[in-house]
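Only one structure is covered here, and it is reproduced in the block below.
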Amino acid sequence: MAIKCVYSETLISAQHESHSRQFGETRDGDRLPIFSDNKAVIFVERDGRYRVKTTEDEILFIGTVGIDEAIGRVDYAQPHADVEINEGGRTYNREEYYRHIAPVVYLIAYDDDGDRLAIAYERRKNGRLLDDGTVIFADDGAFADWIAEQVEKEERPPVMRFDNRLPVSVQRRLAGLDINDEYQVEISRGTWPRIREKAKERMFGIAENKQKQAI
8 MAIKCVYSET LISAQHESHS RQFGETRDGD RLPIFSDNKA VIFVERDGRY RVKTTEDEIL
68 FIGTVGIDEA IGRVDYAQPH ADVEINEGGR TYNREEYYRH IAPVVYLIAY DDDGDRLAIA
128 YERRKNGRLL DDGTVIFADD GAFADWIAEQ VEKEERPPVM RFDNRLPVSV QRRLAGLDIN
188 DEYQVEISRG TWPRIREKAK ERMFGIAENK QKQAI
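Residue 8 is where the sequence shown starts when you use our numbering, and the numbers rise one by one after that.
The structure is reproduced here in structure tokens:
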């Protein structure tokens with residue numbers, strides 16, 4: 008491994024200075040790219056650290072803020088470098104990793120007939136439907152317990168989006184859960200009416216069965 012000093016290269020145009028890249032200079036004066044084969048490797052450790060290395064196993068950076076910080080450090084050193092991300096024995100490129108860590112999104116609507124609550128939900132990731140269903144609850148507390156159970160099942164904090172105004176007890180329960188409030192969700196037109204209709208159909212089915220039993 009060659010010993011080299013790392014320098015930052017800047018561009019100056021019309022008295023405006025901007026960062027260009029970094030490079031390593033050897034004792035002989037040779038200027039070398041930080042990533043000799045234009046490839047950086049990021050290791051996502053279990054302790055929450057992100058280690059940025061070259062393919063020669065040189066450590067460029069160790070961070071704890073997140074993958075954006077690690078990739079930003081790669082781009083600062085060498086814009087447009089290829090990135091390989093290693094986590095849990097699997098490897099990803101940039102796009103694959105962001106899809107991998109994208110949170111699960113719950114879209115939830117409900118119908119309330121006074122003594123029970125029918126909720127219909129869709130569970131999505133990267134815009135793709137993972138599963139959906141309807142659930143009946145006797146009260147708001149049971150509804151809140153169900154939400155908490157779903158949150159705890161997810162590998163990463165999920166996103167929760169509701170079409171209806173939530174009862175106060177459910178809002179309080181949500182406030183104590185680890186939920187992703189920053190992820191931007193696009194909800195297509197017609198989504199909420201479709202989910203609400205599923206909840207109404209479930210509630211109507213229960214009411215219809217009660218009428219038949221009464222007869």
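Glycine is no exception: its CB is placed at the ideal position from the N, C-alpha and C atoms.
Check	Outcome
Backbone secondary structure at E208 - three-state DSSP	helix
Cβ-based burial, Q2 [other Cβ within 10 Å; buried from 16]	Any answer about residue 2 is impossible in this case: the structure gives the chain only from 8 up to 222.
Sheet register partners of E24 (DSSP bridge)	I19
Contact check, I126 vs F150, beta carbons under 8 angstroms	yes
Unbroken beta strand (DSSP E) run spanning A125, endpoints	124 to 132
Start and end residues, alpha helix (DSSP H) containing A182	175 to 182
Exposure of V223, with buried meaning 16 or more beta-carbon neighbours within 10 Å	Any answer about residue 223 is impossible in this case: the structure gives the chain only from 8 up to 222.
3 or more residues per run - each beta strand (DSSP E) lying fully within the segment 35 to 80	38 to 40, 46 to 51, 57 to 61, 66 to 70
Contact set for D138: own chain, Cβ-Cβ below 7 angstroms, skip 5 residues either direction	R130
Three-state secondary structure (DSSP) of R203	helix
Cβ neighbours of E65 in the same chain (closer than 6 angstroms, five flanking residues each side left out)	none
Cβ-Cβ distance between H26 and Y83 below 8 angstroms	yes
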